[in-house]
Every structure is written in C-alpha cells, then in structure tokens.
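Here's the structure, in structure tokens; my notes come after.
Chains as they are written, first to last, in the working numbering: chain U, 556 to 904; chain C, 489 to 760; chain W, 13 to 316.
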C-alpha cells in the first residue's frame, strides 16, 4: 500500500517539476547586458539591441499550416530578424479546440508583442477581437476570405492594425490543371467540411465555374476527420477524378484517408495546396503555403522597420503548379510529360 | 350511491402478467372489494397471493385488465397514470429508501409530501407556516425528528426513515393509506415502534388504511377488518366482530375451508 | 511575475464564469434530474450562432442574447420530448440532438462562420459604459460576472420553490416523486429546457467575446461541463443548492485554470491536452492522498 502511494506521489511531483521548469526559465530576470570592459569614460554603455517579441498561432497542425509558420520565420530571418538574436518567437497551437484558440489570443495580447501572426480564420478572428483597443499589429495568413471574416474592410484596404495574406486562389486554373492531366473527364468529385467557411466558399465557386468546362460536380462532406474516409469512399464510382479544396479537415488533417481511397480504388486525387500534394496526390495548381508564410513574414519585417499595417494592403495567394508523378502512378494514371515539364514543382521520390 | 358510503370500490379487477408466455400468471382474479371510510384493513396471504399487486393497482402503478374499475369517493380513476392516483393515495413501501429522498433534508421531503396531488407553483417550498406544520406532524412520533428538520434523510436509521415516510404519506390527508409490509425490513424493536406510530396516526387522522402484512398475529391484533388473499382472489373477509378473539389456528381453518386447500406457509405460521 | 500570475488568474476567472454557465446547465440535467444530456454541444453553438446572426442583422446585443436563451430552451425541450414522449433513452436523445443541431446551426448561421468583428456586441456596450477598451479583461469579467450572478440568484430561488424542489427530488428518487403526484415527464421537459437555455446563453456570450460564431465552437462543451461539475464536487464537496451552483462554477474555473497554465508554459503543442489531464488528476488526487496519509476512511468510488 505504502509503496503505491510513494510511487503516485513521486511521479506526480516529477511531472509537476517538469511542467514548471520552462515557467521558471521564463521568469528568470533578463540579464543586464555586460558593460564593455574597457569603457572608462562617462558615456553610458550603448543600449542593448531590441529583441522583438513575435507571436505565432495556428488553429491545428497539418503540413500546410506548418509550412506557413516556417515561411514566416524564414522570411523574417531573411530580412534580418533572426530567432535567438533579435527576435523572440512565441508559438502556440490550439490543437483544433476553439476555446484554446481564445485562450491563446488573450495570452498573446497580454504579452504586448510587436507582431502577432495568426494563422487561419478562427485564429485571426479571435486575435483581432482580443486585441481590440490596443495597437498591436496583427498579420493573418491562410485566411481564405478576410473581408467576410471581418478582418479587413476590403481586398484593397487593410485595417489600421490588421493586414495579411489570404490563401484565396482563382478557381479556373484549378479546373484547367485537372483537365490538362485528364482531358476527358466529365464528372469531378470533391470532399470538404461544410463547417469550414474557407472550404464552403471554394466549393460554391467551383460549382459556378464547372459548367464552363463541361464538368459536373459531385460533393461529399465530412464534418470531422473521422468522417473523411467515408466521404472519400462515397466518391468512388461516382466521379472520374477528385479535387480537394484547402480544407483543414479533409485537405489538412484527413488527407491521408483520401490518399488511401485514391490508391485503393485507382481514383486520381488532385489538391490545391503544396503540402497536400506532397503527402501523395497527383498534383494541382496549388497554393504554396510556404510562400504565403513568407509573404506574411516580409510584411512583418516591413512593420517592424516602421511601416504601418494600414499601408500594407492584404494579399491574395499566387499558385504554383505541382506534380507528383509517382503518386499519380499509384492512383492509376500517368501525368503527360508536357504537364510535368511545365510544372513549377515536381516531387521526386 | 350505496348507503354505506364506500370510499374505495374495486370492481372486476383482474391483472395478468407475462400474458401469452410460459410465465403467464393471474396475479389478480376478478377482485371485488368495498372499502368504507375509516376501515383499517389488514391484508394477509401467501407469497404470490396478489396482495402487493392489488395495492399497486389501487396506487395506479399499472392499470387493471380491461373491464376492471377503481372508484374513489365516487370518481372513476381507472387507467389514470400513477401520478394522478397520488392525489387519493398515500403509500409507505417496504423499503424505506423508496419512500424518501436520501439526499434531501427532512424538511424538503415533507415539503414535497404536503403538496401531494396539488399543482406546484413558484411559491417558496418551505416557509415558517409549513415548518410549524412539519414540527407538529413529527413531534407526536416521539423520535426527536422535529428538531432535525435540516438533517439529510440518508443519515437517518431505517426506522426513522420509515417514520418519516409514514408522515409523508399522511400529512396531506389522502383518501387512502396503503402500507405494503412497511415494517418487514425493520428489526423487531423498531418495527414495534413504527407499528405503534402507525396506529397512532391512523386513529388520530381517522385514515382509511390498507395494510399488507405477512404476520398473522399482527393482522389479527390490529385493524378493524381482515382480508386474506390466495391466488389472486379474496378468500376470507372478516369484519371487526368476526375477527375479534380469533387465534391463528382459527384463521388457518377459515382459510382451508374457504379455499379447499391445506395451509402450508411455514413462514406465516411460525412468525410470532 | 505578478502580472503573469494575475493575467492567468483573471483570464481563468472570466472563463470560469462563462463555462461555469455551461457547468450549471450540465449540473441541472446530470445531477438535479439524473438525466445525462449531451445536447449541450449543439445548443451552445445554436446560442452563439443565433445571437451572432441577430447582431449582424442589427438587433441590440442584449436582445440577441435573450433570443439565444429562447432557442436554447427550445432545443432542450425537444430533447426532453424525445425522451418522455418517444421513450428514447436520455443519452440517445441528447446524441441525436447534438448531431442534428450541427446541420440546424449551419442553416441558422447561413454558413460555417459569422464574423462579429465589425459589429457592436454586448462587450462593446459595456466597454463604452466603463470607458475601457472592449477587449480588456475587466470588461469581459464584468459581463460574465453580471450574467453569472443573475443566473445564480434566479436558480437559487427557483430550486427552492415548489416546482424547483420537485425537480431536485426527481433526480434523487423519481419513483417517490411520481407517487407524490408530480408529473415527472413535465419535470424533465422543464429541466432540459432551462439547462440548454443557460448553455445557449454561454454560447452567445462567448461568440461576442471571441469575435465570431463558428459551427465548430461547441465541440467538446459537454466534456467541459461534465469535467467542471465533477471537479467542483470533488474539490469543494458542496451541500445545498447555493453551494452546488458555486461549486460548478468553481470546477470550471479550476479546469480552465489548468488549461491556461499549461498553455502559457509552452509545452510542445501536442502535449497541451496531456498536461491538462495530468494537472487535473493531481488536483483530484490530493484529497484522496490526504485521506490515505491520515488513515481516514475513504468512501467507495462513484461512477459518475
């Protein structure tokens, strides 16, 4: 009996100490800069270089959002804002829980940082709400429609403290890419989470654009990642190929299930983001989230150097064509050589 | 309208369980009974005789088969749901846990009971007047419960709980009081106390009472009328004069004569 | 250091109040009525979505919140009807409502997300009154506290009325209540309605605070409510209606406190949930360990 008690107590204490260690580290007072040893004059020592506080938050983990974050950090480094030297990056992830997202936003605002990077729509919305009344600069990225989301007043005008990079892309190039690989298809399937506004918007536009190309669209929906496989399976036999929008549920966290369906049933799957394609899709006229992240990083650099966010209008995303020949083979098709030659990114295995 | 002002009339009450299966049993078989105001009936019988089933039917727990009628004070209440029967019927169960709410105080339990059959509204459930009422209802029991209105019922002993259940069943003065072997789970000393409390309340409030018991001696000693049931029928019905002075052996003979069977329930015969 | 601690405590206090409303709603069904109601995930979002849509349409935020309570009441009523009239088991009724409301919410909101960033919310109104910026924690706490206090007094009074008492007795001994002449079906309907009305109110509050209503905002609310109620009972051991209500809010506060602390510690992002769970386990193990050390009698485990 006593031995069990000791084990419980001991492990709890251990976990507690481990959990609190970074806390103690964060609380350590900042060391004053060492005075230059030879300085004898009355001149005060030069002020220490300013360390910028930059907070980055995202709603959930998946390859594209993670590339977004990496792009931000890399771009800022290019512009002279290097982690460990003059920038302190604080990074949090809401793990798909919206109440945690609110917590993160409140936490960031309390830190009074120089910049907050908010990745994805709900994260950006709650950050802007939490920062209302302060003058913290907020840069959003991977927000499909920042105007409807209330982040900026219009596509050409930034808000006083808010600007950013949208992952909005034009639909025709998406469809045209699919047709360049499979010119004879008639029915295009898609799977998405109608609970994600970014995905819903894209599907609406897809339905508008498709008839111009003689295509019929067939939809499957997945409310959670657990439903993605079933959604994918429901498309088998109902369409000639599948296109996945930038949807966190289906194109992000659930993409592996879709790939499984595509490979098992020889159904070619196209994507709209580089990370999505890299995981194993045929290809796509894809949003490069790393590129988006970099644009956001450049914006941050401009702001830190003195520009006001209001002067930086929001950006839309550019698209790069990506192909993954080996993945295409696994799904039963061969990408025409001409398409491979023209592609911006070719993924080798 | 009968001259005799029957409080409760049971007409053609039949109850069949597990109809159509091997276990089909005729728990009640065409029971006809008139209970008069202020009758204190003790009901006795072997296991499966239908005693508790009869109480359940009167209380509305389940309806009788089609054709049966239950009439209380001239009102036909057959087929009404259990909570509608509650206006007419106060009940004390064998298990003290069923009749009271353990996680609520004595005061709250009584506050629930005092509104039996009435619509409940948004008035405070308990006020000074009601507390005084509870006090005067509990004081005659002599158990000190009237000073412990804020005690959780779950902390009381079985006997005390049963006493509270008794008060709860009678405080709103329902037409009928049904006692279903309510002292069977208590130790002899406590059982005696609760029995005497029952006597006291029944006499004081002049309650029409039906008490089911396994104890022949009790059935003879208490009550103004004795009913014996067997296989869903009433086989013996003795009024006050008829039962006065009877012994258990007399009762057993009366049973055998009425039912044509030997009476072989050891449990009942051996109870003292 | 002091402002870090005060930041953590004040934010957790705000969240404790807001999710305390959800906890009180769950307490009403789970404990008072002994009815495990999973509708919460759906009614929370319904309240948030309804309030958001109305505010965008120009309705005064306070009225929008009243409307949110209204739809919450309706949602709870349907759950209750599924159980009492169609005889669906309580758990199933709640699950079906939770699932069905997801689609209803998409319709109510006209999409997956309704932005409130450019709208005047209740928080903005209060901020104006207090002369502070509307994102400030003082404003948030004021709004949450006022609502929580109102709810507390109303429920505290209600649960002591004749109807309220019969609701409480229902969860304790339904058989007894029926034999005392109470229509227990009506009690279930009343309790479920009130509970989901409260939860919808919480959703309406949160939507305005976070700047948007989203169809996914309710996911996990029932877990949060259950955890808050159970943690509150374990830590505060309340007796009596008033203390039970406070304990529900207290449990929500403790649970959110641990999440906030774990978040600010900056663990690897994936570990946040584990750390939260571990902290809660430690918190609940403390009374148990204390008893063991004092060789006191330990009561048997409860199932829920």
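We put the beta carbon where it would ideally sit given N, CA and C, even for glycine. Please read these numbers as outputs of a predicted model, since none were measured by experiment.
Assignment of residue 47/W by DSSP, reduced to helix, strand and coil, places it in the coil class. For the 8 Å CB-CB criterion, residue 706/U and residue 683/U form a contact.
DSSP places residue 795/U outside any alpha helix (DSSP H), giving it a letter other than H or E.
CA-CA distance, residue 813/U to residue 98/W, rounds to 39 Å. Counting C-beta atoms within 10 angstroms of its own C-beta, residue 69/W has fewer than 16 neighbours from the protein chains shown and is therefore classed as exposed. Counting C-beta pairs with one atom in each stretch, the region 613-623 of chain C and the region 588-599 of chain C have three or more that are closer than 8 Å, which means they touch.
Unbroken alpha helix (DSSP H) runs of no fewer than 4 residues, entirely contained in the region 223-291 of chain W, are found at 233-248 and 253-277, following chain order. Note that the C-beta distance between residue 713/U and residue 695/U is not below 8 Å. For chain W, the residues of the region 727-757 of chain U that bring a beta carbon within less than 9 Å of one of its beta carbons are 748, 749, 750, 751, 752, 753, 754, 755 and 756, in chain order. Proximity of chain W to residue 570/C at the Cβ level (cut-off 8 Å) is accounted for by 190 and 191, in chain order. Secondary structure at residue 642/U: strand, using DSSP grouped into helix, strand and coil. By the neighbour-count criterion, in which a residue is buried when 16 or more other Cβ atoms sit within 10 angstroms of its Cβ, residue 220/W is buried. The closest CA to that of residue 103/W, considering only 14/W, 265/W, 246/W and 47/W, is found on 47/W. Of the candidates 718/C, 509/C, 730/C and 530/C, 718/C places its Cα closest to the Cα of residue 744/C. The C-beta of residue 885/U comes no closer than 8 Å to any C-beta of chain W. According to the DSSP assignment, residue 717/U belongs to the beta strand (DSSP E) that extends over 717-720.
In this structure, residue 265/W places its C-beta atom within 8 Å of the C-beta atom of residue 25/W. Taking C-beta atoms as the reference points, residue 155/W and residue 134/W count as a pair closer than 8 Å. For the region 219-246 of chain W, the set of positions with a beta-carbon nearer than 8 Å to some beta-carbon of chain U reads 221, 222, 223, 224, 226, 227, 228, 229, 231, 232 and 236 in chain order. The C-beta of residue 72/W has fewer than 16 other C-beta atoms within 10 Å across all chains shown, which makes the residue exposed.
When C-alpha distances from residue 643/U are compared across 651/U, 782/U and 611/U, the shortest belongs to 611/U. Our two residues, residue 169/W and residue 593/C, have alpha carbons roughly 17 Å apart in a direct line. Note on residue 302/W: under 16 other CB atoms within 10 angstroms of its CB, so exposed under the neighbour-count rule. The CB of residue 653/U comes closer than 7 Å to the CB of 226, 228 and 229 in chain W, given here in chain order.
In terms of beta-carbon proximity, residue 76/W stays away from the interface with chain U, with every pair separated by 8 Å or more. A straight-line Cα-Cα distance of about 12 Å links residue 736/C and residue 532/C. Taken atom to atom, the span from the alpha-carbon of residue 521/C to that of residue 215/W is near 59 Å. Boundaries for residue 892/U: no beta strand (DSSP E) harbours it, while the alpha helix (DSSP H) harbouring it runs 892-897, taken from the DSSP string.
Contact of residue 303/W with chain U is not assigned, every C-beta pair being separated by 8 Å or more. Residue 494/C sits close to residue 523/C, with the two beta carbons spaced by under 8 Å.
Residue-level contact by beta carbon holds for residue 175/W and chain C, with a gap shorter than 8 Å. Residue burial annotation: residue 648/U is buried, with at least 16 other C-beta atoms found within 10 angstroms of its C-beta. In the same chain as residue 557/C, and ignoring 5 residues on each side of it, the C-beta atoms closer than 7 Å to its own belong to 499, 500, 564 and 566, in chain order.
For residue 744/U, the pairing in a beta bridge is given by DSSP as 773/U and 797/U. In this structure, residue 262/W keeps its C-beta atom at 8 Å or more from the C-beta atom of residue 688/U. Considering only 502/C, 511/C, 711/C and 631/C, the residue with the shortest C-alpha distance to residue 545/C is 502/C.
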